[in-house]
Each structure stands twice: as structure tokens, then as C-alpha cells.
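Here the structure is laid out as C-alpha cells; the discussion comes afterwards.
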Amino acid sequence: MDQAALRGVLNRVRGLDLCSKKRLMKTFAQKHPVITFLLITFAWTWLFWFVAMPFCGQTLLVTAIVLIGGYGPAIGGILTLALRSGQKLHMSPKRILTMLLISALIFGVLILRYLAGNIPNFDILAEDLTLSAPIIVTTLIASLLGGWVFSSAVSDNLSVRTGMASILPWRLPPLWTIFAVVFYPVMLLASWGMSALLGMSAEFPGLWGQSALEVLPLYILTFGMTLLAQGGNEEIGWRGFMQPELEKRFSPLVAALIVSVFWSLWHLPLFMNGVYQADLVPGMVLGGLYRLPLAIFLAWFYNRSGGNLFLTMFLHASFNRTPSLLPTSSLMLMALCLVIAAVMVVKDKMWQKSVPCPLHPPVSAVGEPTREPISR
34 MDQAALRGVL NRVRGLDLCS KKRLMKTFAQ KHPVITFLLI TFAWTWLFWF VAMPFCGQTL
94 LVTAIVLIGG YGPAIGGILT LALRSGQKLH MSPKRILTML LISALIFGVL ILRYLAGNIP
154 NFDILAEDLT LSAPIIVTTL IASLLGGWVF SSAVSDNLSV RTGMASILPW RLPPLWTIFA
214 VVFYPVMLLA SWGMSALLGM SAEFPGLWGQ SALEVLPLYI LTFGMTLLAQ GGNEEIGWRG
274 FMQPELEKRF SPLVAALIVS VFWSLWHLPL FMNGVYQADL VPGMVLGGLY RLPLAIFLAW
334 FYNRSGGNLF LTMFLHASFN RTPSLLPTSS LMLMALCLVI AAVMVVKDKM WQKSVPCPLH
394 PPVSAVGEPT REPISR
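Heads up, the sequence shown is in the numbering used here, so the first residue is 34 and it goes up one at a time.
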């Protein structure tokens, strides 16, 4: 297309009225939901994460800005569902109340984490813990944004409410709840035991050997922060929207591998704004390799648990936080991850395209997901 023709197309788009533009966006989201999701996700996240680059030395402010950007996949999933449905996202009294309650919960968790301060050998917030107005305002915005995301479980938009119903723990399948709690701790302990049997070294967390009464409250606090605002919330988009959308065309395995590529690429700005300390190229390569088996685990678990987003978020948070609690052997853990991922793929024949199923469990009158876990 030459420049004159391109200018003509752009002029026609600019000349469309509001209703025509809405119809155009709806049509595009219906025909290309994954592309729509990725455009929104990367635009939102990278905007804030690149904006954080000039504040590299102000760790607390960067952390707060990164929290806002971290909701990109969730926002991408919710907005794509809304665009595809053609219905507006009204804020009903029920949703406003839910949003405010969850925002208060997230803000409270962040305050408690700040009050805990720097925890040597466990979790360091920043060298300078001095608060400023921009830090407080940005943290409040992140909390309100999180409340808006989680309140989509009670949205008036049927498509959004159905897709996001399991964000909140309305009803958790007991078996998969237990699995989400114990899976990664068992893997870490198994890698530690196997390394000991083979005479290999293991890494011990900084608080290892201290009283459980001292360690567990800190772990629960950091775990809660990760679950709600610093990692677990990514699952709302990656596994909650992109994975099932790709499974309409591809097998669960291929879908998981495609998700892992974009999931890894999405983290790129964190190497530039100071959040990740590793060099860009080695960090991206190693992070990409690490996320390959994780993407398979999370896709397998999401499907097996009947599309339960809350438990998938919990499992993601466990991947992020449990290594700070239990000893492990990195080499043995990676080998174990690859073996278990292979077992999951073979046992469930994840290379085969599955029968299409609803994006998420249907929602009952009280807002509870009703679909039973999938068995292959």
C-alpha cells in the first residue's frame, strides 16, 4: 500500500463517528481476540514499565509504578472480553463495593509489607524507605486498579463476569486446592533431597533455621502481596484468557508454548528499569527457558482445575515465593521440572487438540463457577 492509499485509509478511520468506531473495535476483537489482548496488554504494561526508567534510583517509586503495569494482562483480558461482547462496562453498586473492599485489602497488604521494612536475606524493598507523595499516590492507584480487576467477577457485563468469575474464591475444588498448596514446596524439597543423595550442593534461604513463628508471618505477607499484585495477577490474562483462546485453534501444549513466548517477552522492560538486575540478553534467555515448563504446569493445572483462576494465581505465587522459604538445588529443580512437565504432556496427551469448552465456568445465580474440573 502506497503512502497516498494509507493516508486515505487513516482519513476514513478518523472520519468515522463514535458508533462506527465501536463497531469496528468489536468486529476486530471478535475476529482477532488474541491480537487484541496482546495489543492492550503490552501497551498498558510497557507504557508504565518504560515510564519507570527515569526513576531507576528511586526503588519504592519504581516498585509502585511496576505494580500498575503488572495488571496489563488482566486488563487486556477484561477489555477484550468487553469489546468482543459489544457491551459497556458499567460500575454497578455491587461492583463498586467489591472494588473498594478489594482495593482496601490490597492497599492494606502493601502497607503491612512497607511497615515490615527490609528483611535481610529474605526480601529487600529499597535502600531508601522514605515515603513521598508520588509513592503514596501511585500505590493507591495500583490498589484501586487491582480492585477494579478483581471486581470484574461481579461485572454487569455477562461476558466479562462469566470469563472472570473464578478470580474470587467463590468455591474451590478441594483436590486442586491441596495441589496448588503443596505442589511446588514438594518439588523444592524433592530437589533438595535428590541433590543430597547425589552429593550435590543446595541453596538455603536466608531465614532458614529461624523460628517458624518469625518466618511464617513474613512469608504469608509477601505471598499475599505476590498473589494479589506482584505476579499472581498476571494469570488473569495469560492463562485466564490467552491460553483458552489459543486452545480453540491449537493443542494445549502448543498454546502453552505460544503463551510462554509472549509471557517472557512481556518482562523485557524490567531489565531496563532496574527491577531485574541481570543483563538483558542472558536474563531474557534464561527467563524464557525457565518459563517454558512453568507455562506447561500452569496450563495443565488451569485446565485440570476446571479453569479456576484463583487457584492458578495461587500456584503462580507459590512459584515466585516458596524458594525464599525452603532449600533447593537449582540444577536438580530444573531437571525435575522438565521431567514432571514431560509426564504431564504425555499423560494428558497435551499435543492433541482438545474439545472446545467454555472460556470459563458458567456462573450460578450467586456468582459461583459451576463447571467441574476437566479430566482427560
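By construction, the Cβ of each residue, glycine as well, lies at the ideal position given by its N, Cα and C atoms.
**Request:** Taking the CB atoms as reference points, tell me whether P106 and G270 lie closer together than 7 Å.
**Result:** Yes.
**Asked** F304: which of N341, V314, Y335 sits nearest, CA to CA?
**Response** V314
**Request:** Determine the extent of the alpha helix (DSSP H) in which T345 is found, giving its start and end residues.
**Result:** 342-354
**Message:** When you compare the stretch 237-248 with the stretch 372-380, are there three or more beta-carbon pairs, one atom per stretch, that lie closer than 8 Å?
**Reply:** Contact fails between the stretch 237-248 and the stretch 372-380, because fewer than three Cβ pairs, one in each stretch, are under 8 Å apart.
**Prompt:** Cα-Cα, which of L331, W299, N306 is closest to M317?
**Reply:** Ranking L331, W299, N306 by Cα distance to M317 puts W299 first.
**Item:** C-beta neighbour in chain B for L148, strict 7 Å
**Value:** This model lacks chain B altogether, as it is built from one protein chain only.
**Request:** Measure how close the beta-carbons of L71 and F295 come, nearest whole angstrom, since I'm counting them as under 8 Å.
**Result:** 6 Å
**Prompt:** Relative to the alpha-carbon of R354, which residue among L249, G320, I129 has its alpha-carbon at the smallest distance?
**Reply:** L249
**Asked** Quick one: what's got a C-beta closer than 7 Å to M86's C-beta in the same chain, skipping five residues either side?
**Response** Closer than 7 Å at the Cβ level, and outside the excluded window around M86, lie M305, N306.
**Message:** Within the continuous alpha helix (DSSP H) that includes R128, where are the two ends?
**Reply:** For R128, the enclosing alpha helix (DSSP H) begins and ends at 126-149.
**Message:** For a test of the three-state rule: what should DSSP assign to I152, helix, strand or coil?
**Reply:** Here I152 sits in strand by DSSP.
**Prompt:** In or out: P394 buried (at least 16 other Cβ within 10 Å) or exposed?
**Reply:** Only weak support exists for where P394 lies, its pLDDT of 44 falling under 50; the value from the coordinates is given anyway. It is buried - the Cβ of P394 has at least 16 other Cβ atoms within 10 Å.
**Message:** Measuring only the C-alpha atoms, how far is M275 from F283?
**Reply:** 12 Å
**Request:** Can you say whether N154 is buried or exposed, counting buried as having 16 or more other CB atoms within 10 angstroms of its CB?
**Result:** exposed
**Request:** Name, in chain order, the residues that DSSP records as bridge partners for T361.
**Result:** Note: T361 sits in a beta bridge opposite E236.
**Burial state of S184 (16 or more Cβ within 10 Å)** = buried
**Prompt:** Quick one, which of M220, A332, E247, I108 has its alpha-carbon nearest P356's?
**Reply:** M220
**Item:** Supposed close pair T171, I98 - CB separation, criterion 8 Å
**Value:** 6 Å
**Request:** Find out if the Cβ-Cβ distance for the pair A328, A289 is shorter than 7 Å.
**Result:** yes
**Request:** Let me know the secondary structure DSSP gives E160 once reduced to three states.
**Result:** coil
**Request:** Within 10 angstroms of the Cβ of V379, are there 16 or more other Cβ atoms? Answer buried if so, exposed if not.
**Result:** It is exposed - the Cβ of V379 has fewer than 16 other Cβ atoms within 10 Å.
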